[in-house]
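Taking it in order: structure first as structure tokens, then the write-up.
Residue numbers (full-length UniProt numbering): 1 to 589.
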């Protein structure tokens, strides 16, 4: 195992930058904490607003000839002379229902009636401040006495406005810096304030590491190979998600790597890349993206990082955050997809078919007239109705063909967007899937491969799409299908129409994903409808209403011929030409 800590201090420019920046930030934040604490103390002593106390403190430093920090350190605390009102009986019980810090405060005013602070009249018994102070240490004190950072963060003005106007205040994920014993104490909070009677209810919900490790977020990281890390520059605190440990080859029980030692993780030829990343984050104070290789315990890994500095109101970096993705497996998958495409092309002459499709692109987008295809075990009708304007031509596509003696491929999909770019992406999806299908893989694997193709084959332009990929077994009359963010198929049986229930995965080209397969047993006479969103989407109508209208139309069109069924359905829906419409109807023989 490499000793990263030792090698990280061997003279790297990035390591020196981190050390100097952390020292500077710690000093600046400590000075700000001392000044802010002095301002709130002086405000209580003078019975005035903190903004006026800040001006008075600057005048004291100017007239005394000593530094502002020295003057601030000499300001002693003087509690407000305040007679609190009687607490309503029900307030305490209500506060105790909260898990996080909840309090009932009343305003403290100056001689002319201006709100200058709030008095902690009641606090829930199990809530606590950032440094662990609870009920008995809070009740009877003022808000600024307990939390001087409230003024610097602008919360005192927000609380005052909420009290005076009666309009509740709410701020999510607030980067708040409290002041405890002359030390800055950065925390992430959700803050709420609401007036009740003659007081103000305050709720401070601390967002800590546990919320970063929610199961859903962890699952997303696992699927996408993502890790998240945060370094506080004024303290040694480092937060890593579990996936970050795996990406960097660290044991979950070990300490995270400090930002100072991070450059030593890179292979020697990529360390200048990390130097540039650190320089962009701390010197230029801007977001950055980079790709580099590290020496992992399982070999060299290729990583992609997106980093951002978190700045305070003065532009001083407080934290550095990185989103890290391990690209090693993705590179392997890309090669596997490439090999699969090559095998499919050799075995089934997919390349020749793609050339024919490219040569006849217009005919594929606008197939002439009605077409009824007789496939083993199925009678299939298809219809493509293009948008009237060329710019609105979309990426709708379908595929219906025999892939084995007793297997029929049925596909419908939509490459997102309009115009020739969408048509080009559609051709890529359609032709790629046509070749992959000859591998004999199940629909869930075909959909997973198609997703990888869309995700990794367009690096300069983000490409997404949806699709239903299905395979009909002629002998068993079973339909195996996978759904990549598309509208579910509709089954018509015995005059009743309804959508097929089954697992659905994300859009194609969104994230790495293993899709699930659904299986539906069909019967002779069943009619299956696959369609794109142009059939059910209309202005000023939600999608659910459109799908129900389609179901109603199918039930009223009591026809068994797939082409006749499509004609009847389009007529009853009055389908507009604002968007492409692609429909595939298959009757089980």
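A virtual CB, placed ideally from N, CA and C, is assigned to each residue, including glycine. No experiment lies behind these values; they were computed from the predicted model shown.
| Asked | Found |
| --- | --- |
| Measure from the alpha carbon of residue 326 to the alpha carbon of each residue in 313, 310, 291, then state which is nearest. | 291 |
| Between the region 434-448 and the region 506-516, are three or more C-beta pairs nearer than 8 Å? | yes |
| Unbroken beta strand (DSSP E) runs of length 3 or more, entirely within the region 475-508: which are they? | 478-484, 490-493, 496-499 |
| Considering only the beta carbon of each residue, do residue 293 and residue 270 sit closer than 8 Å? | yes |
| Does the region 110-128 come close enough to the region 62-70 that 3 or more CB-CB pairs lie under 8 Å? | no |
| Run through the DSSP bridge pairs and tell me what residue 295 is partnered with. | 300 |
| Enumerate in chain order the residues of its own chain whose CB-to-CB distance from residue 245 is below 6 Å, with the five nearest sequence positions on each side excluded. | 252 |
| Mark residue 231 as exposed unless 16 or more other C-beta atoms lie within 10 angstroms of its C-beta, in which case mark it buried. | buried |
| How is the beta strand (DSSP E) around residue 104 delimited, first residue to last? | 101-109 |
| Within 10 Å of its beta-carbon, does residue 481 have 16 or more other beta-carbons around it, so buried, or fewer, so exposed? | buried |
| Go ahead and pull the three-state DSSP assignment for residue 373. | strand |
| Rounded to whole angstroms, what is the Cα-Cα separation between residue 312 and residue 539? | 44 Å |
| For residue 675, which residues in the same chain have their Cβ closer than 6 Å to its Cβ, ignoring the five residues on either side in sequence? | Beyond the ends of the chain as shown, which are 1 and 589, falls residue 675; an answer cannot be given. |
| Of the residues 186, 306, 196, which one's Cα is nearest the Cα of residue 226? | 306 |
| Threshold first: 4 residues or longer. Then list the alpha helix (DSSP H) segments lying entirely within the region 176-208, N to C. | none |
| Helix, strand or coil, according to DSSP, for residue 130 in the structure here? | coil |
| If residue 562 sits next to residue 530, beta carbons under 8 Å apart, how far is it from one beta carbon to the other, in whole angstroms? | Contact doesn't hold; Cβ gap of about 11 Å is too wide. |
| May I have the straight-line CA-CA distance separating residue 496 from residue 553, to the nearest angstrom? | 11 Å |
| Am I right that residue 223 and residue 511 are in contact with their C-beta atoms under 8 Å? What's the rounded C-beta distance? | 6 Å |
| Using the rule of at least 16 other Cβ atoms within 10 Å of the residue's Cβ for burial, across every protein chain shown, is residue 197 buried or exposed? | exposed |
| Specify the secondary structure class of residue 561 as computed by DSSP and reduced to three states. | coil |
| Mapping the DSSP letters down to three states, classify residue 142 as helix, strand or coil. | strand |
| So, is residue 236 buried or exposed, given that buried needs 16 or more other C-beta atoms within 10 angstroms? | exposed |
| I need the DSSP call for residue 635, collapsed to helix, strand or coil. | Missing from the structure shown is residue 635; the chain here goes from 1 to 589 and no further. |
| Between the C-alpha atoms of residue 582 and residue 522, what's the straight-line distance to the nearest angstrom? | 23 Å |
| Going straight from the alpha carbon of residue 334 to that of residue 453, what length do you get? | 8 Å |
| Leaving out five residues before and five after residue 195 in sequence, what residues of the same chain have Cβ atoms less than 7 Å from its Cβ? | 162, 163, 166 |
| Cβ atoms of residue 143 and residue 105: under 8 Å apart, would you say? | yes |
| Could you please give the first and the last residue of the uninterrupted alpha helix (DSSP H) stretch that includes residue 62? | 50-64 |
| Would you call the CB atoms of residue 202 and residue 67 closer than 8 Å? | no |
| Is it right to say residue 483 is buried, meaning 16 or more other beta carbons lie within 10 angstroms of its own, or is it exposed? | buried |
| Span of the alpha helix (DSSP H) holding residue 437? | Segment: none, residue 437 is in no alpha helix (DSSP H) and carries neither H nor E. |
| Of the choices 155, 407, 27, 533, whose alpha-carbon is the least far from that of residue 443? | 407 |
| With distances taken Cα to Cα, identify the nearest neighbour of residue 520 among 491, 532, 504. | 491 |
| How would you call residue 430, buried or exposed, if buried means at least 16 neighbouring beta carbons within 10 angstroms? | buried |
| What does DSSP give as the partner residues of residue 317 in its beta bridges? | 311 |
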